[in-house]
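Undergrad: Just so we're aligned: the sequence shown equals residues 86 to 218 in the working numbering. Ideal Cβ positions, reconstructed from N, Cα and C, are used throughout, including at glycine. To start, I am sharing the structure in question, which I have written as structure tokens.
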Amino acid sequence: MFIGKSGAILLGYPGTTQDVDVYPRKDRENGRRIVAALKDLGFVLDNELSEEILRGKDFVQIKSGPFDIDLVFAPDGIENYSEARERMDTSSGFPVLNIRDIIASKRSANRPRDLVELPLLEAFRDVYENREK
86 MFIGKSGAIL
96 LGYPGTTQDV
106 DVYPRKDREN
116 GRRIVAALKD
126 LGFVLDNELS
136 EEILRGKDFV
146 QIKSGPFDID
156 LVFAPDGIEN
166 YSEARERMDT
176 SSGFPVLNIR
186 DIIASKRSAN
196 RPRDLVELPL
206 LEAFRDVYEN
216 REK
């Protein structure tokens with residue numbers, strides 16, 4: 086499931102980002118599928134990086150492929166993968182974390198760059214949730 090600013094962009098948020106943020110389910114079999122898919126896409130994964138993915142390390146940053154990707158197995162402000170998945174938004178054709186969860190995660194991360202982005206994301210949320218469907 087796409088999260089973070091890249092998730093918001095898939096929903097139509099008018100921003101840019103330098104990486105793709107993904108919230109994968111944390112289990113070893115899913116980790117195997119992720120490693121295989123990343124290799125198929127052209128990512129170079131050493132044994133250490135592959136093992137971090139297999140065990141579902143909280144945050145795995147990968148810069149050894151055609152684009153940068155962050156695998157966030159434990160995003161700030163999101164307690165439960167299954168519950169987040171129930172709320173996910175697929176209107177873009179992609180599985181995206183609900184905009185409210187994206188905002189909650191950014192707020193919980195409390196990083197300066199996220200705090201600057203919050204008012205813009207909240208304004209986007211208001212427009213997005215009131216759009217004609």
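Tell me which same chain residues have a C-beta within less than 6 angstroms of the C-beta of Gly89, skipping the five on either side of it?
TA: Correct list, in chain order: Asp106.
Undergrad: Check whether the Cβ atoms of Arg172 and Asp186 sit closer than 8 angstroms, and answer yes or no.
TA: Cβ distance < 8 angstroms, so Arg172 and Asp186 count as in contact.
Undergrad: Tell me where the alpha helix (DSSP H) around Val120 begins and ends.
TA: Segment Arg113 to Asp125, the alpha helix (DSSP H) holding Val120.
Undergrad: Would you say Arg110 and Tyr166 are within 8 angstroms of each other, going by their C-beta atoms?
TA: Yes.
Undergrad: Could you tell me the distance, in whole angstroms, from the CA atom of Gly150 to the CA atom of Asn183?
TA: Whole-angstrom Cα-Cα distance: 27 angstroms.
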